[in-house]
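Residue numbers (this note's numbering), protein chains in the order written: chain A, 111 to 275; chain B, 111 to 275; chain C, 1482 to 1567; chain D, 1482 to 1567.
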Amino acid sequence: MDRSGVESAAVSVQQADFDVGAEIDRLGAGRRDVGAIASFVGLVRDVNDGSGVHAMTLEHYPGMTERALEEIVDQAKARWALFGVRVIHRYGRLEPTDRIVFVGVASSHRGDAFAACEFIMDYLKTRAPFWKREETPEGARWVDARETDDSAAARWDEGVADGQG
Amino acid sequence: MDRSGVESAAVSVQQADFDVGAEIDRLGAGRRDVGAIASFVGLVRDVNDGSGVHAMTLEHYPGMTERALEEIVDQAKARWALFGVRVIHRYGRLEPTDRIVFVGVASSHRGDAFAACEFIMDYLKTRAPFWKREETPEGARWVDARETDDSAAARWDEGVADGQG
Amino acid sequence: MTTTVKVLYFASLREAVGRSAEEFALPAGVGTVGALRAHLAERGEGWQALGAGRNVRAALNQRMVGAEAAVAAGDEVAFFPPVTGG
Amino acid sequence: MTTTVKVLYFASLREAVGRSAEEFALPAGVGTVGALRAHLAERGEGWQALGAGRNVRAALNQRMVGAEAAVAAGDEVAFFPPVTGG
Chain A
111 MDRSGVESAA
121 VSVQQADFDV
131 GAEIDRLGAG
141 RRDVGAIASF
151 VGLVRDVNDG
161 SGVHAMTLEH
171 YPGMTERALE
181 EIVDQAKARW
191 ALFGVRVIHR
201 YGRLEPTDRI
211 VFVGVASSHR
221 GDAFAACEFI
231 MDYLKTRAPF
241 WKREETPEGA
251 RWVDARETDD
261 SAAARWDEGV
271 ADGQG
Chain B
111 MDRSGVESAA
121 VSVQQADFDV
131 GAEIDRLGAG
141 RRDVGAIASF
151 VGLVRDVNDG
161 SGVHAMTLEH
171 YPGMTERALE
181 EIVDQAKARW
191 ALFGVRVIHR
201 YGRLEPTDRI
211 VFVGVASSHR
221 GDAFAACEFI
231 MDYLKTRAPF
241 WKREETPEGA
251 RWVDARETDD
261 SAAARWDEGV
271 ADGQG
Chain C
1482 MTTTVKVLYF
1492 ASLREAVGRS
1502 AEEFALPAGV
1512 GTVGALRAHL
1522 AERGEGWQAL
1532 GAGRNVRAAL
1542 NQRMVGAEAA
1552 VAAGDEVAFF
1562 PPVTGG
Chain D
1482 MTTTVKVLYF
1492 ASLREAVGRS
1502 AEEFALPAGV
1512 GTVGALRAHL
1522 AERGEGWQAL
1532 GAGRNVRAAL
1542 NQRMVGAEAA
1552 VAAGDEVAFF
1562 PPVTGG
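What follows is the structure, encoded as structure tokens:
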């Protein structure tokens, strides 16, 4: 489904930080018909649900994580006309202002790029096996999943029903 | 409306290229409660409406351009909870793969960041006074506005009517 | 005291009318952007690009406006095709 | 030939049951992910975190599945709370 011929890994799960500018450049590199690159960067915040957050540790399910992210990318590629997709998700201990996740999508037109980028983030939030444990002044706690994340992902299912099925 | 206290120029209209990674980093810098940065980069494509494009020249309306972009940014800030917004639009002669436009938005949560970023692009496409003249094998031609751009911008008006009016 | 408006033309419209800017003395009875446009469209060769059937947008003092916007001496009025940036 | 399933536990569920992985011999009559979960929930202290009222998700061979998914010897089954990455 990648039309570039040269396929680099779409998905990385890693402890290391990443270079946002370089990732965005790579999404446009080597082709002259990319008109739009939409991207998203998620960062650790120093507050969540009213408590201060000193740090967090991201646990994940090695093996399944990569597979889940690749399936989400494949779904996005099946649904929109995309040239390239890149997903990077970190795990381990992170502090406020640290980058957690990057999603970048290259397409001919901005509508597809925006939709696919947001779709991937929404699906990632409900289907990729990561769990956050926050360190707060009241002690460590596992972050609860948000209902708004389920509803954000669900609206894309409705979109499928409305579309070609 | 900018809560950072330190306000840098939100809007730049320039001939020079820009550094996407540095712009995204700046959107998150200096605060520890930014959780989401959505961004968009528009690039010159080597094809448009079936013709090859060697280059294009972007004309604009100095003075009004900056004002129009600032108004679009202000509307986005009034509508969503945003920490920072950055819009850069180039003018002059550009070639395929050159960057044309950057929009970046920082917020606590991804929903606001994505919505504001796409809103700004949609409004920019219909309200910022830029005009593209393409060089093709068949000669130079002014690019026609797309009806899809009008409808993309109009869906946000409906959103206002549905909301607080 | 000025009795003129500054009129600007952009893109294909600038090429059609053969100029990018002019100072224009507002004729009696021309009080809106739409009336100014209709008046200019009567100038002859090239100016029909401002005619009623054409897709022309207008700005008054650097803000997009409709045909009904009131125009007065000292204003800056711009005519141009639909924008295509981004 | 193996007669066990590999069972993995993550995040708060891992802490509640006091282990991250085990090889578990499938009892007679336990043929689905839901039945396996109910069986494990009966183990006592800590294991009620897998109980019927709790918000537990499951994966079979590294794919998210519902309680009805058929499980057989050699499979990898994981139980965990709703995910919170991104």
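Beta carbons are placed, not taken as given, at the ideal position from N, Cα and C, and that holds for glycine.
{"Query": "A1551(C) lies in the beta strand (DSSP E); which residues open and close that run?", "Result": "Run containing A1551(C): none; DSSP gives neither H nor E here."}
{"Query": "Contact defined as beta carbons within less than 8 angstroms: I believe V211(A) pairs with V195(A). What is the distance between those atoms, to the nearest angstrom?", "Result": "With 8 angstroms as the limit, V211(A) and V195(A) do not qualify as a contact, their Cβ atoms being about 13 angstroms apart."}
{"Query": "Using DSSP with H/G/I as helix, E/B as strand and the rest coil, what is G1534(D)?", "Result": "coil"}
{"Query": "Please confirm whether L234(A) has its beta-carbon closer than 7 angstroms to some beta-carbon of chain B.", "Result": "no"}
{"Query": "Can you name the start and end residues of the alpha helix (DSSP H) that V288(B) belongs to?", "Result": "What is shown of chain B runs 111 to 275, which leaves residue 288(B) out entirely."}
{"Query": "Only counting the same chain, and skipping five residues up and downstream in sequence, which positions put a Cβ closer than 7 angstroms to that of A1497(C)?", "Result": "G1527, A1530"}
{"Query": "Measure the alpha-carbon distance for E176(B) versus I230(B) and round it to whole angstroms.", "Result": "14 angstroms"}
{"Query": "Chain C beta carbons: is any one of them nearer than 7 angstroms to that of G160(B)?", "Result": "no"}
{"Query": "For the structure I just gave you, are there three or more beta carbon pairs, one from the segment 1505 to 1520 of chain D and one from the segment 1545 to 1558 of chain D, closer than 8 angstroms?", "Result": "yes"}
{"Query": "Identify whether W190(B) lies in helix, strand or coil by the three-state DSSP scheme.", "Result": "coil"}
{"Query": "Mind checking if S1589(D) is an interface residue toward chain A, Cβ cutoff 7 angstroms exclusive?", "Result": "Examination of residue 1589(D) is not possible in this model, given that chain D is present from 1482 through 1567 alone."}
{"Query": "Can you list the residues of chain A that M231(B) reaches, using a CB-CB cut of under 7 angstroms?", "Result": "R220"}
{"Query": "Under the assumption that A132(B) contacts G138(A) (Cβ atoms under 8 angstroms), give the Cβ distance between them as a whole number of angstroms.", "Result": "The pair is not a contact, with the Cβ atoms about 17 angstroms apart (cut-off 8 angstroms)."}
{"Query": "Using only the alpha-carbon positions, how far apart do Y201(A) and G1532(D) sit?", "Result": "28 angstroms"}
{"Query": "Step through the CB atoms of chain A and report whether any lies within less than 7 angstroms of the CB of A1540(D).", "Result": "yes"}
{"Query": "Tell me which residue opens and which closes the beta strand (DSSP E) that R141(A) is part of.", "Result": "R141(A) -> no beta strand (DSSP E), and no H or E assigned at all."}
{"Query": "Considering Cα atoms alone, identify which of V151(B), N158(B), I147(B) is closest to E248(B).", "Result": "N158(B)"}
{"Query": "Could you tell me if A271(B) is buried or exposed, where buried requires 16 or more neighbouring beta carbons within 10 angstroms of its beta carbon?", "Result": "Per-residue confidence for A271(B) stands at a pLDDT of 43, beneath the threshold of 50, marking its modelled position as unreliable; the derived number appears in the next sentence. Answer is exposed; the Cβ neighbour count stays below 16."}
{"Query": "Determine whether the beta carbon atoms of L1517(C) and A1502(C) lie at a separation below 7 angstroms.", "Result": "no"}
{"Query": "In chain order, what residues of the segment 135 to 168 of chain B put their CB closer than 7 angstroms to some CB of chain A?", "Result": "G138, R142, D143, V144, G145, A146, I147, A148, S149, F150, V151, G152, L153, R155, D156, V157"}
{"Query": "Against Q1529(D), what residues of chain A qualify as contacts under a CB-to-CB distance less than 7 angstroms, listed in chain order?", "Result": "Within 7 angstroms Cβ-Cβ: nothing; Q1529(D) doesn't reach chain A, min ~17 angstroms."}
{"Query": "What is the C-beta distance between G1566(D) and F240(A), in whole angstroms, given that I count them as a contact (C-beta under 8 angstroms)?", "Result": "3 angstroms"}
{"Query": "Quick one: what does DSSP say D112(B) is sitting in, helix, strand or coil?", "Result": "For D112(B), the predicted model reports a pLDDT of 43, less than 50, meaning its position is unreliable; a value from the coordinates is still stated below. Coil at D112(B), not helix or strand."}
{"Query": "What number of angstroms, rounded off, separates the C-alpha of A1492(C) from the C-alpha of V163(A)?", "Result": "53 angstroms"}
{"Query": "Scan the segment 184 to 216 of chain B for residues whose Cβ lies nearer than 7 angstroms to a Cβ of chain A and list them as they occur along the chain.", "Result": "P206, T207"}
{"Query": "For A238(A), name the three-state secondary structure that DSSP assigns.", "Result": "coil"}
{"Query": "Note down the Cα distance separating I198(B) from V121(B), rounded to an integer number of angstroms.", "Result": "6 angstroms"}
{"Query": "Restricting to Cα atoms, I'd like to know which of A225(A), T258(A), A263(A) is closest to S149(B).", "Result": "A225(A)"}
{"Query": "Once the 5 residues before and after V123(A) are set aside, which same chain residues still bring their CB inside 6 angstroms of it?", "Result": "T175, E176, H199"}
{"Query": "Name, in chain order, the residues that DSSP records as bridge partners for Y1490(D).", "Result": "F1560(D)"}
{"Query": "Cβ atoms of A165(B) and E205(B): under 7 angstroms apart, would you say?", "Result": "yes"}
{"Query": "Shortest alpha-carbon distance to R136(A) belongs to which of I147(A), A126(A), D127(A)?", "Result": "I147(A)"}
{"Query": "So the candidates are I134(A), D127(A), R155(A); which of them puts its Cα closest to the Cα of T246(A)?", "Result": "R155(A)"}
{"Query": "Do A119(B) and L179(B) count as a contact pair if the criterion is CB distance below 7 angstroms?", "Result": "no"}
{"Query": "Mind listing the chain B neighbours of F224(A)? Cutoff is C-beta to C-beta under 9 angstroms, in chain order.", "Result": "A148, F150, F224, C227, E228, M231"}
{"Query": "Give the list of continuous alpha helix (DSSP H) stretches no shorter than 4 residues that lie fully inside the segment 198 to 240 of chain A.", "Result": "220 to 237"}
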